[in-house]
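Since the structure comes first, as structure tokens, the remarks are kept for the end.
In the numbering used here, the protein residues as written are 56 to 363.
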């Protein structure tokens, strides 16, 4: 089994991937059957990731030092179309770009850009497209991405039309130490199950959280169970048909489709009218009383002036 993270950092996602497998299978068996492929542009961080995997017990590592967007083919890209899974949390925004980097990317004529060139402000989709380029024809993967990827202009439309977006999970803000913005998990699958065809399974976990210190946390067990078992739960999770997504101009923001209906308030018009009549009478009565008080005060003031 080949697993890659094209922006691996300290390999947190890869380590957790391996640890998940070890929960049900002895480490020796997992280690014999799994290979990790990493690329990271920060050398020291890459070394930390390698060390973390080795200390956890995983020995089959292929690590590359370089900018994944600009230095791909000579590094991890040597193994393109061979991965069974990818995981990752790529950099957000344009701050990671050096001068002329975006223009250099546009000049790269490579298969990974077959979905097109995203706008500079949607840099995350270059990483998504690179990760998809790593997958075999039956591969699958997940990335944690900024919430804007669900509705801003990017490569999403073509991927939905190709039916390779399997699921979307929206998370609350303040979930991670590295960013406080709301994020989402987007699941990709080049070989979707029949039950998942022409639809996307969505979970709106943006409002179902608990604040612990300065971070928000969610019910992970519920999230995992609902996603794996494809449980439909009103206001939390369910399938969204491709036709409905198309009607909404390929906007896949989960809040648009998965939300809690507020109970409809039943208004008694007759009672409301009666109450308004009572309030109106009360206001008029108080007006008369105030008018009488004002008349008295004015009369007293005139009397005092005439006396002086």
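Heads up, the beta-carbon is just placed ideally off N, CA and C, and yes, glycines get one too.
Predicted, not measured: the structure shown is a model, and the values here were computed from it.
Could you pull the DSSP bridge partners for residue i from this structure?
i           : result
residue 275 : In DSSP, residue 275 forms no bridge with anything.
residue 293 : 257
residue 118 : 93
residue 60  : 93
residue 224 : 240, 258
residue 197 : 242
According to the Cβ coordinates, are residue i and residue j closer than 8 Å?
i           : j           : result
residue 186 : residue 171 : no
residue 194 : residue 139 : yes
residue 308 : residue 206 : yes
residue 313 : residue 293 : yes
residue 260 : residue 238 : no
residue 190 : residue 245 : yes
residue 59  : residue 119 : no
residue 89  : residue 115 : yes
residue 263 : residue 297 : no
residue 160 : residue 305 : no
residue 73  : residue 134 : no
residue 198 : residue 241 : yes
Please look up how many angstroms separate the CB atoms of residue i and residue j, rounded, as I've assumed it's under 8 Å.
i           : j           : result
residue 257 : residue 283 : That belief does not hold up - the Cβ atoms of residue 257 and residue 283 are roughly 14 Å apart, past 8 Å.
residue 221 : residue 204 : About 15 Å separates the two Cβ atoms, so there is no contact after all.
residue 158 : residue 208 : Not confirmed; about 19 Å, so no contact.
residue 168 : residue 184 : 6 Å
residue 182 : residue 62  : 6 Å
residue 173 : residue 210 : 6 Å
residue 64  : residue 100 : 6 Å
Using a 10 Å radius around the Cβ and a threshold of 16 neighbouring Cβ atoms, would you call residue i buried or exposed?
i           : result
residue 254 : buried
residue 340 : exposed
residue 349 : exposed
residue 87  : exposed
residue 66  : buried
residue 447 : In the structure as shown, the chain begins at 56 and stops at 363. Residue 447 is therefore absent and cannot be evaluated.
residue 223 : buried
residue 98  : exposed
residue 354 : exposed
residue 106 : exposed
When the cut-off is 8 Å and only beta carbons count, does residue i lie next to chain C?
i           : result
residue 350 : The question asks about chain C, but that chain is absent: this structure has only one protein chain.
Task: the stretch 119-126 in contact with the stretch 90-101 per 3-pair CB rule at 8 Å - done: yes
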